[in-house]
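Chemist:
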Ligand code: NAD
Ligand code: DAU
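Numbering (my numbering), first residue to last: 27 to 361.
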């Protein structure tokens, strides 16, 4: 099976490539990645010689057409992925997330290639803290940020191409991932690398916002389950019942790293900050038989702390520019 992985030098995509090469000897992988600030060839260290790597843009229709023509399956991870950046400058989000998906859909339509679209639970908006309901495949779309709106738009393009043109596509909407090789702009790696640098972790607002954490390998195993057994035209939610509020995550990171649990700062809150995400993944579990392997968030987080401690050469080059960017928009409110 020839698989084209877009965004394979990013966080989730690179972990997908590592998992695929370790578990699927029958799969040939081609990676298409623009190597933006978020893409790193270092994330493919150890497997780069086993993949065909193409540096290029998913919105480049001619390039995409050539690569899709030679694939059996396309797994589309490439995106602008960070909410804070989308508030600063939405334009690359609209371009990559909408026009990139459009170019891929036109190519898979022309060549009748199976397509899996990677998306996010953020398309559903947010939940109240005490809402007993979680997101399901039937929850109406209600995105809050330019990032989540661009992902929602890309999902709707996929649904339209399925219905109007019979494209063989599935969509998955997953909750917050954690694990190795995540950019230090994101919440968990930012705090781990701050602590390594002797800097206090930074919590947006009061820190009561809840995210539904899943290990990146559990997400990627679910993606393979959907490629293997999913029904084309369908959407599957991916989540592992991992709801934790941000304050508890920061305190756990500090504890795991041998610091006082209250040694963090509250900083300016994110505009339009979604309060809570929570996934009901019953369909994926019962219809396709997927179950997460990482049972304990504490153990998974401890392993992630170890990874960042052992792989400073991977994250150090991106740390200074990331913090300089945050320093322009965020002030410490209380210590
Ligand atoms: P990331 O920012 O770490 O990686 C994105 C990758 O896409 C990078 O390698 C980048 O170079 C590449 N890229 C960006 N623009 C491109 C373009 N125009 N052409 C080709 N390549 C381009 O992102 P991530 O966290 O790994 O997210 C991957 C996907 O998973 C995204 O679609 C995101 O919406 C989705 N997702 C992420 C999470 C999460 O918690 N991180 C959760 C659910 C869904
Ligand atoms: O839910 C899935 C989404 O999860 C994905 O679609 C996105 O690509 C991914 O980036 C992530 O979005 P979030 O906005 O939830 O992730 P982020 O890591 O930016 O922030 C997680 C929470 O932590 C959020 O409530 C904001 C907060 N936060 C973030 C940073 C960077 C802080 O309190 N301090 C920080 O320094």
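Ideal placement from N, C-alpha and C gives every residue a C-beta, glycine not left out.
1. Let me know if residue 106 comes out buried or exposed under the rule of 16 or more other beta-carbons within 10 Å of its beta-carbon.
2. Is it buried or exposed, residue 176, if we count other Cβ atoms within 10 angstroms and call 16 or more buried?
3. Hey, is residue 216 close to the ligand DAU, as in C-beta under 7 angstroms from one of its heavy atoms?
4. Compute the minimum distance between the beta carbon of residue 245 and the heavy atoms of the ligand DAU, and state whether it is under 7 angstroms.
5. Just curious, the beta strand (DSSP E) that residue 177 is in, first and last residue?
6. Whole-angstrom Cβ separation of residue 363 and residue 236, contact assumed at under 8 angstroms?
7. Beta carbon of residue 90, beta carbon of residue 133: below 8 angstroms?
8. In the structure shown, what three-state DSSP assignment does residue 78 receive?
9. What's the call for residue 254, buried or exposed, on a 16-neighbour Cβ count within 10 Å?
10. Where DSSP assigns a beta bridge to residue 342, which residues make up the other side?
11. Quick check on the burial criterion: 16 or more other C-beta atoms within 10 angstroms. Buried or exposed for residue 227?
12. Beta carbon of residue 105: closer than 7 angstroms to some heavy atom of the ligand NAD?
13. For residue 318, which residues of its own chain have a beta-carbon under 6 angstroms away from its beta-carbon, when the five flanking residues on both sides are left out?
14. Check whether the Cβ of residue 90 sits closer than 7 angstroms to any heavy atom of the ligand NAD, and report yes or no.
15. Measuring straight from C-alpha to C-alpha, what distance separates residue 158 and residue 357?
16. Taking all protein chains shown into account, decide if residue 196 is buried (16 or more other Cβ within 10 angstroms of its Cβ) or exposed.
17. Taking its Cβ as the centre, do 16 or more other Cβ atoms sit within 10 Å of residue 207, making it buried, or is it exposed?
18. Between which two residues does the beta strand (DSSP E) carrying residue 56 extend?
19. Grab the span of the beta strand (DSSP E) containing residue 145 for me, first residue to last.
20. Quick check on this structure: which residue in 295, 190, 88 has the alpha carbon closest to the alpha carbon of residue 234?
21. Extract the residue ranges of the beta strand (DSSP E) inside the segment 101-169, only unbroken runs of 3 or more that lie entirely within it.
22. Taking 7 angstroms as the cut-off, is the CB of residue 263 close to at least one heavy atom of the ligand DAU?
23. Enumerate in chain order the residues of its own chain whose CB-to-CB distance from residue 355 is below 6 angstroms, with the five nearest sequence positions on each side excluded.
24. Buried or exposed: residue 216, going by 16 or more other Cβ atoms within 10 Å of its Cβ?
25. Taking 7 angstroms as the line, does the beta carbon of residue 146 fall inside it for any heavy atom of the ligand DAU?
26. What did DSSP end up calling residue 86 once you bin it into helix, strand or coil?
27. Using 8 angstroms as the cut-off, can you tell me whether the segment 56-73 makes contact with the segment 40-47, which would need three or more C-beta pairs spanning the two stretches below that distance?
28. Go through the segment 272-340 residue by residue and report every complete run of the beta strand (DSSP E) that reaches 3 residues or more, in order.
29. Is it buried or exposed, residue 362, if we count other Cβ atoms within 10 angstroms and call 16 or more buried?
30. List the DSSP bridge partners of residue 238.
31. I'd like to confirm the pairing. Which residues does DSSP put opposite residue 35 in its beta bridges?
Modeler: According to the structure data:
1. buried
2. By the Cβ-count criterion, residue 176 is buried, with 16 or more other Cβ atoms from all chains shown falling within 10 Å of its own Cβ.
3. yes
4. no
5. Unbroken run through residue 177 is the alpha helix (DSSP H), 172-191; no beta strand (DSSP E).
6. The displayed coordinates of the chain run from 27 to 361. Any statement about residue 363 would go beyond what the structure contains.
7. yes
8. strand
9. With fewer than 16 Cβ atoms within 10 Å of its Cβ, residue 254 is classed as exposed.
10. Its beta-bridge partners do not exist; DSSP assigns none.
11. buried
12. yes
13. 244, 266
14. no
15. The C-alpha of residue 357 is placed about 34 angstroms away from the C-alpha of residue 158.
16. buried
17. buried
18. 54-59
19. 140-146
20. 295
21. 140-146
22. no
23. none
24. buried
25. yes
26. It is coil, neither helix nor strand.
27. yes
28. 291-293
29. The structure shown does not extend to residue 362, since the chain spans only 27 to 361, so no value can be given for it.
30. 269
31. Answer is none; residue 35 lacks a bridge partner.
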